[in-house]
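Colleague: Chains as they are written, first to last, in the numbering used here: chain X, 1 to 356; chain S, 1 to 356. All residues carry an ideal CB built from backbone N, CA and C; glycine is no exception.
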């Protein structure tokens, strides 16, 4: 693991800025040949984060599009709202959409931009840890439908991504933990040293160096396979079970799980499956479980709900035909894609989590 | 102008089949490694065209998605309907969507497929003359919103296009004329000999050779500029005024203009503008007007409606900033893109049409 900070990471045709990022954004806006600017936010980022951006905008005019915060709003209705605002504000093909917020904003805004007039430019200014380490690179845009996450979307790269650690100070601890799950995953799938470094760090607000490491790891994977034909599936570790748990919680819990909390559960279940199927050692699964159960609160997963979760896993867009597909671990730092798991195996893995 | 028929035209990563096309479709379905098949049609094509396709399917199972016919249904509501049907029928990433119908079906189906699970494969089987010569190549997908045509969409290529002249026999004469306008446009912008050939042909049902010529012309243009940065704008001749007239008619007339009828009006107006601005000769504009007024009925365009049409032109997605942009003719067979026209000039061109 390298521990020095790169100030800029090159992704697929664009840069991710890690240092002095809001000045870089101001510079991008100033020098890009755009006719109009739009900022997409939610009611929280418009209070906590927009002022930091506005400070740098110094006189540039822009139109603000504000939507309600929350994963439950990452849907076609809000997307239609964004499209109609762009129409009403007279957006043309040389307009720029600036997505300022968490994954809901960058995913939905990216999708809206990638389909408006068959594609206008957009940049992402991710303001949550999760969106900084996960949604900022990879070119996935999307919205949810019928309780299926990201079922509608495109592969479209932003023109730039600006990551500023200052935004994280406005986040509640649960939101930090949500992003942390993806960072831990990056270590587990390809970088054992990074996993060790995370275990031994103060993670209340991760350093920009650790954040940068995560972006570098994810970036390396998506560059090798932009449209998820093979390597990129590494990033799905924890997500087959995790997405199902997340959707289930979203539909059933008043105070529902965050993405990271659900993925932490998914990683525990899929680590257990990895012992059964791909050779992860008992010592490693114990290490993973110890770290994840220390960081994340236990979620009640009664056996009577397992069937509903299995049904959700069957609808996962990663499946082909009628099988359920997982990415598992061979060891900490090595992954195995396309592992077909039976319903019984998945049920057992949920039982394992429930028994902890 | 070449007059022999190519059986296959190579476009951007896919083939357009002109001969024995339904057998080619059957072969594509048989040999492509797909998990499921979906056919998207409307209530007319499912009666008139689907049986011809089914004959060739011999035992292959597929799910049928039928939507209401008509440009007014090329909207997000029907698109959501298609997405939900794909979800309900269990479409996965290896599913194939077969768009069987006119431009509404190929545009909407292409958009639905290009955004479902971030893109599944689709092929087009255009059943109207318009969709055969216009929508079959170019990779534009889209839906209308707020009376703006194709405002939401993507650039996504189909995996193949199958053109069969047999479908045209089921079309009313107005539908043939609608497609013919695009064929005439192809001659006007880049091929004077093709324009002459069309003038002197029996056009009640154009021959597959003439249809093939149009596809070849359009294909050559879009290959040189897939995302419409420059050359491809040639295809917009007649469409700045034409789209506005079409939208206006769609919103106001019970028996509204077809696309081609509107584009024929647009081509007359923009030919008049071409005389003023880009050197088209009086003799040429007279030739164009003579042919178009012989083929297409006169549309009543009262001066009291010009303002509404100008407003629609201002919303055209081809514009940049606050100007209205046209593609005009330097001569029959030569075009000039990015011609900014004033509102007065456009008003005068409408007056010219009304005076004929």
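Leaving aside the five residues before and after residue 133/X along the sequence, list all residues of the same chain whose C-beta is less than 8 angstroms from its C-beta, in chain order.
Modeller: Here residue 133/X is taken as the residue at index 133 of the first chain, counted from 1. Contacts found: 179, 182, 183, 186, 211, 214, 215, 218.
Colleague: What residue range does the alpha helix (DSSP H) around residue 335/X cover?
Modeller: For this step, residue 335/X is matched to residue 335 along the first chain. First-last for residue 335/X: 334 to 341, but that is the beta strand (DSSP E), not the alpha helix (DSSP H).
Colleague: Residue 141/S and residue 102/S look like a contact to me (Cβ under 8 angstroms); what is the Cβ gap, rounded to whole Å?
Modeller: Taking the second chain and counting its residues from 1, the one referred to as residue 141/S is at position 141. Taking the second chain and counting its residues from 1, the one referred to as residue 102/S is at position 102. Contact flag wrong, Cβ pair sits at about 14 angstroms.
Colleague: Could you work out which residues of chain X lie near residue 154/S, taking near to mean beta carbons separated by less than 8 angstroms?
Modeller: Position 154 of the second chain, counting from 1, holds the residue named residue 154/S. The CB of residue 154/S comes closer than 8 angstroms to the CB of 114, 115, 118, 119, 154 in chain X, given here in chain order.
Colleague: Between the C-alpha atoms of residue 153/S and residue 328/S, what's the straight-line distance to the nearest angstrom?
Modeller: Translated into the one-based positions of the second chain, residue 153/S becomes position 153. Translated into the one-based positions of the second chain, residue 328/S becomes position 328. Approximately 25 angstroms, taken between the alpha carbons.
Colleague: Give the residues of chain X in contact with residue 84/S, contact being defined as C-beta atoms less than 9 angstroms apart.
Modeller: One-based indexing of the second chain puts residue 84/S at position 84. Here the neighbours are 145, 146.
Colleague: Verify whether the separation of the beta carbon atoms of residue 124/X and residue 82/X is less than 8 angstroms.
Modeller: What you label residue 124/X is simply residue 124 of the first chain in a count that begins at 1. What you label residue 82/X is simply residue 82 of the first chain in a count that begins at 1. No, the Cβ-Cβ distance between residue 124/X and residue 82/X is not below 8 angstroms.
Colleague: Spatial neighbours of residue 164/S within its chain, please: CB distance less than 7 angstroms, with the 5 preceding and 5 following residues excluded, ordered by chain position.
Modeller: Within the second chain, residue 164/S is the residue found at index 164, counting from 1. The residues are 21, 22.
Colleague: Please compile the residues from chain S whose C-beta is within a distance smaller than 7 angstroms of the C-beta of residue 75/X.
Modeller: If you number the first chain from 1, residue 75/X lands on position 75. Residues of chain S whose Cβ lies closer than 7 angstroms to the Cβ of residue 75/X do not exist; the shortest such Cβ separation is about 10 angstroms.
Colleague: Please list the partners that residue 151/S has in chain X, where partner means a Cβ-to-Cβ separation under 8 angstroms.
Modeller: The residue labelled residue 151/S in the question sits at position 151 within the second chain. Here the neighbours are 83, 87, 116, 117.
Colleague: Would you decide whether residue 106/X is buried or exposed? Buried here means 16 or more other CB atoms lie within 10 Å of its CB.
Modeller: Start at 1 with the first residue of the first chain, and residue 106/X comes out as number 106. With 16 or more Cβ atoms within 10 Å of its Cβ, residue 106/X is classed as buried.
Colleague: The alpha helix (DSSP H) with residue 219/X in it runs from where to where?
Modeller: To locate residue 219/X, count along the first chain from 1; it is residue 219. It spans 208 to 224 - the alpha helix (DSSP H) in which residue 219/X sits, taken as one unbroken run.
Colleague: When the Cα atoms are used, what is the spatial distance from residue 287/X to residue 307/X?
Modeller: Here residue 287/X is taken as the residue at index 287 of the first chain, counted from 1. Here residue 307/X is taken as the residue at index 307 of the first chain, counted from 1. Computed Cα separation, rounded: 29 angstroms.
Colleague: Rounded to whole angstroms, what is the Cα-Cα separation between residue 2/X and residue 87/X?
Modeller: Mapped onto the first chain, residue 2/X falls at position 2. Mapped onto the first chain, residue 87/X falls at position 87. Residue placement at residue 2/X is flagged as unreliable, the pLDDT there being 47, under the threshold of 50; a coordinate-derived value is accordingly withheld.
Colleague: In chain order, which alpha helix (DSSP H) runs of at least 4 residues are fully inside the region 23 to 48 of chain S?
Modeller: 45 to 48
Colleague: Applying the criterion that 16 or more other CB atoms from any shown protein chain within 10 Å of the CB defines a buried residue, is residue 74/S buried or exposed?
Modeller: Taking the first residue of the second chain as 1, we reach residue 74/S at position 74. Per the 10 Å Cβ criterion, buried.
Colleague: Which same chain residues end up closer than 6 angstroms to residue 62/S when comparing Cβ atoms and leaving out the 5 residues on each side of it in sequence?
Modeller: Taking the second chain and counting its residues from 1, the one referred to as residue 62/S is at position 62. Once the five neighbours on either side are set aside, the close Cβ partners of residue 62/S are 37, 39.
Colleague: Under a three-way DSSP split, which group does residue 314/S fall into?
Modeller: Against the second chain, residue 314/S aligns to sequence position 314. In the structure shown, residue 314/S sits in a helix (DSSP, three-state: H, G or I).
Colleague: How would you list, in chain order, the residues of chain S whose beta-carbon sits under 8 angstroms from the beta-carbon of residue 159/X?
Modeller: Locating residue 159/X in the first chain gives position 159, where the first residue counts as 1. The premise fails here: residue 159/X is roughly 15 angstroms from chain S at the closest Cβ pair, so nothing lies under 8 angstroms.
Colleague: Less than 6 angstroms between C-beta atoms, sequence neighbours within five positions excluded: which residues of the same chain meet that for residue 15/X?
Modeller: Here residue 15/X is taken as the residue at index 15 of the first chain, counted from 1. Annotation for residue 15/X: 8, 160 place their beta carbon closer than 6 angstroms to its own, counting only its chain and skipping 5 residues before and after.
Colleague: Please list, in chain order, the chain X residues whose beta carbon lies closer than 8 angstroms to that of residue 142/S.
Modeller: The residue labelled residue 142/S in the question sits at position 142 within the second chain. Within chain X, the residues near residue 142/S are 118.
Colleague: By the DSSP assignment, the alpha helix (DSSP H) with residue 8/S in it spans what residues?
Modeller: On the second chain, position 8 is the one that residue 8/S refers to. Element bounds for residue 8/S: not the alpha helix (DSSP H) but the beta strand (DSSP E), 8 to 10.
Colleague: Out of 324/S, 268/S, 315/S, which has the shortest C-alpha to C-alpha gap to residue 351/S?
Modeller: Taking the second chain and counting its residues from 1, one reaches residue 351/S at position 351. It is 268/S whose Cα lies nearest to the Cα of residue 351/S.
Colleague: Tell me, please, which residues DSSP counts as bridged to residue 329/S.
Modeller: Translated into the one-based positions of the second chain, residue 329/S becomes position 329. Beta-bridge pairing links residue 329/S to 335/S.
Colleague: Roughly how many angstroms lie between the CA atoms of residue 76/X and residue 312/X, to the nearest whole one?
Modeller: As a position in the first chain, residue 76/X is number 76, starting the count at 1. As a position in the first chain, residue 312/X is number 312, starting the count at 1. Going by the C-alpha atoms only, they are around 20 angstroms apart.
Colleague: Go through its chain and collect everything with a Cβ distance to residue 292/X's Cβ below 6 angstroms, but skip five positions before and after it.
Modeller: Looking up residue 292/X in the first chain gives position 292. Excluding positions up to five away in sequence, the list reads 264, 268.
Colleague: Would you report the Cα separation of residue 41/S and residue 69/X, rounded to the nearest angstrom?
Modeller: Residue numbering aside, residue 41/S sits at position 41 when the second chain is read from its first letter. Residue numbering aside, residue 69/X sits at position 69 when the first chain is read from its first letter. Straight-line Cα distance between these residues: approximately 38 angstroms.
Colleague: Where does residue 146/S fall in DSSP's three states?
Modeller: The residue you call residue 146/S lines up with position 146 of the second chain. In the structure shown, residue 146/S sits in coil (DSSP, three-state: anything other than H, G, I, E or B).
Colleague: Is the beta carbon of residue 357/S sitting closer than 8 angstroms to the one on residue 108/S?
Modeller: Residue 357/S lies beyond the residue range present for chain S, which begins at 1 and ends at 356; the question has no answer from this structure.
Colleague: Using a Cβ-Cβ distance cut-off of 8 angstroms, determine whether residue 221/X contacts chain S.
Modeller: Mapped onto the first chain, residue 221/X falls at position 221. No, its Cβ sits nowhere closer than 8 angstroms to a Cβ of chain S.
Colleague: Relative to chain X, which residues along the region 255 to 278 of chain S have a C-beta separation below 9 angstroms, given in chain order?
Modeller: none
Colleague: By the three-class DSSP mapping on this structure, what secondary structure does residue 260/S have?
Modeller: Here residue 260/S is taken as the residue at index 260 of the second chain, counted from 1. The answer is helix: DSSP assigns residue 260/S an H, G or I state.
Colleague: Looking at the C-beta of residue 337/S, does it have a partner C-beta in chain B at a distance below 8 angstroms?
Modeller: The chain labelled as chain B is not found among the protein chains of the depicted structure, namely X and S.
Colleague: List, in order along the chain, the chain S residues whose C-beta lies closer than 7 angstroms to that of residue 340/X?
Modeller: Here residue 340/X refers to the residue found at position 340 of the first chain. Within 7 angstroms Cβ-Cβ: nothing; residue 340/X doesn't reach chain S, min ~14 angstroms.
Colleague: Nearest-angstrom Cα distance between residue 325/X and residue 228/X?
Modeller: In the first chain, residue 325/X corresponds to position 325, counting from 1. In the first chain, residue 228/X corresponds to position 228, counting from 1. For residue 325/X and residue 228/X, the distance between alpha carbons rounds to 14 angstroms.
Colleague: Does residue 80/X get closer than 8 angstroms to chain S when you measure Cβ to Cβ?
Modeller: Residue numbering aside, residue 80/X sits at position 80 when the first chain is read from its first letter. Cβ-Cβ to chain S under 8 angstroms: yes for residue 80/X.
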